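Asker: Chains as they are written, first to last, in my numbering: chain L, 831 to 942; chain A, 121 to 234. By construction, the Cβ of each residue, glycine as well, lies at the ideal position given by its N, Cα and C atoms. Please read all numbers here as calculations on a predicted model, not as lab measurements.
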Amino acid sequence: GENVEQHPSTLSVQEGDSAVIKCTYSDSASNYFPWYKQELGKGPQLIIDIRSNVGEKKDQRIAVTLNKTAKHFSLHITETQPEDSAVYFCAAIGDNNNDMRFGAGTRLTVKP
Amino acid sequence: EADIYQTPRYLVIGTGKKITLECSQTMGHDKMYWYQQDPGMELHLIHYSYGVNSTEKGDLSSESTVSRIRTEHFPLTLESARPSHTSQYLCASSELGAWDYGYTFGSGTRLTVV
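(1) What residue ranges within the region 875-904 of chain L form continuous beta strand (DSSP E) runs of no fewer than 3 residues, ordered along the chain?
(2) Just to confirm my understanding: we take residue 842(L), look at its own chain, exclude 5 residues before and 5 after, and list those with CB closer than 6 Å. What are they?
(3) Throw me the rounded Cβ distance for the residue 149(A) and residue 215(A) pair, which I believe falls under 8 Å.
(4) If you reduce the DSSP assignment to three classes, tell me which class residue 864(L) lands in.
(5) Per DSSP, which residues does residue 940(L) bridge with? Please list them.
(6) Quick one: which chain L residues come within Cβ less than 7 Å of residue 162(A)?
(7) Output, in chain order, the set of chain A residues within a Cβ distance shorter than 8 Å of residue 876(L).
(8) So, is residue 834(L) buried or exposed, given that buried needs 16 or more other C-beta atoms within 10 angstroms?
(9) Provide the residue span of the beta strand (DSSP E) that contains residue 132(A), from first to last.
(10) If we count the other Cβ atoms within 10 Å of its Cβ and call it buried at 16 or more, is residue 894(L) buried or exposed?
(11) Flag this pair as yes or no: are the beta carbons of residue 930(L) and residue 916(L) separated by less than 8 Å?
(12) Can you give me the C-alpha to C-alpha distance between residue 128(A) and residue 141(A), rounded to a whole angstrom?
(13) Using 10 angstroms around the beta-carbon of residue 891(L), count the other beta-carbons present and answer buried if the total reaches 16, otherwise exposed.
(14) Spell out whether any CB of chain A is found under 8 Å from the CB atom of residue 872(L).
(15) Do you know offhand how far residue 173(A)'s Cα is from residue 124(A)'s?
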């Protein structure tokens with residue numbers, strides 16, 4: 831089955847700096863890779879996703895890159911703001927999977 | 121507005137009590153899930169359902185049970201709560217067959233068993 835590994839587990843950056851979170855997956859059949867943001871006291875919310883037919887996707891300050899050959903994908907947040915502080919999860923799934931596999935999460939802290 | 125609702129948000133109960141955590145969604149999604157989230161953040165799948173009358177156990181062994189009598193409703197029950205059940209419980213849903221769309225999560229129930 832699929833196994834998703836996520837690094838780092840904690841990340842602290844200064845406001846305005848960039849933050850990068852990396853994930854690797856094991857199943858080459860996986861072809862959908864969403865990212866979730868979980869704020870304190872809330873459930874995870876989908877913030878961006880990428881499918882295997884593209885290598886990069888951007889949405890304002892957030893971007894995701896995918897390297898299918900190396901089986902890794904990354905979340906990039908530029909010009910970080912204190913409200914970006916949260917736990918971020920990567921995930922992977924393919925059309926032969928029963929359910930989505932999540933990484934262990936990254937706790938991002940943006941210091942003002 | 122389509123959404124997924126969990127009640128209660130917070131619950132403190134005594135050991136040995138029976139409890140049911142409620143989860144309802146208005147999106148008509150066939151697939152529903154229960155995750156247990158430990159203090160270290162990681163999400164552990166404990167139950168899932170593909171539709172009415174379908175229930176499956178997830179990766180993490182759990183003493184809880186679930187039922188799916190209606191598409192929109194997926195309650196989780198603990199027959200006899202123990203302190204080891206103290207955790208955050210998250211419910212999620214997705215469309216059957218639409219594997220390449222994200223899950224929608226509820227806000228969670230934080231359960232404390234004393």
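Answerer: Let me spell this out:
(1) 875-881, 886-889 and 892-897
(2) As a working note, residue 842(L) is residue 12 in the first sequence. Spatial neighbours of residue 842(L) in its own chain (CB-CB distance under 6 Å, excluding positions within 5 residues in sequence) are listed in chain order as 939.
(3) The count along the second sequence starts at 1 and reaches residue 149(A) at position 29. The count along the second sequence starts at 1 and reaches residue 215(A) at position 95. Their Cβ separation, rounded to whole angstroms, is 5 Å, which keeps residue 149(A) and residue 215(A) in contact under 8 Å.
(4) Looking up residue 864(L) in the first sequence gives position 34. Here residue 864(L) sits in strand by DSSP.
(5) Against the first sequence, residue 940(L) aligns to sequence position 110. DSSP, once it has assigned bridges, lists 843(L) as partnering residue 940(L).
(6) Taking the first residue of the second sequence as position 1, residue 162(A) is located at position 42. Those within 7 Å of residue 162(A) in chain L are 934 and 935.
(7) Locating residue 876(L) in the first sequence gives position 46, where the first residue counts as 1. Under the 8 Å cutoff, chain A gives 222, 223 and 224.
(8) In the first sequence, residue 834(L) corresponds to position 4, counting from 1. Buried is the call here.
(9) Indexing the second sequence from 1 puts residue 132(A) at position 12. 130-133 is the extent of the beta strand (DSSP E) around residue 132(A).
(10) Counting from 1 along the first sequence, the entry for residue 894(L) is found at position 64. Classification of residue 894(L): buried, given that the 10 Å Cβ count is 16 or more.
(11) As a working mapping, residue 930(L) is identified with position 100 in the first sequence. As a working mapping, residue 916(L) is identified with position 86 in the first sequence. Against a cut-off of 8 Å, the Cβ pair of residue 916(L) and residue 930(L) comes out as no contact.
(12) As a first step, residue 128(A) is located in the second sequence; it is residue number 8 there, counting from the start. As a first step, residue 141(A) is located in the second sequence; it is residue number 21 there, counting from the start. When rounded, the distance between both Cα atoms is 7 Å.
(13) What you label residue 891(L) is simply residue 61 of the first sequence in a count that begins at 1. Its Cβ having fewer than 16 others within 10 Å, residue 891(L) is exposed.
(14) Position 42 of the first sequence, counted from the start, is the residue given in the question as residue 872(L). Yes, its Cβ sits closer than 8 Å to a Cβ of chain A.
(15) As a working note, residue 173(A) is residue 53 in the second sequence. As a working note, residue 124(A) is residue 4 in the second sequence. Here the alpha carbon of residue 173(A) sits roughly 20 Å from the alpha carbon of residue 124(A).
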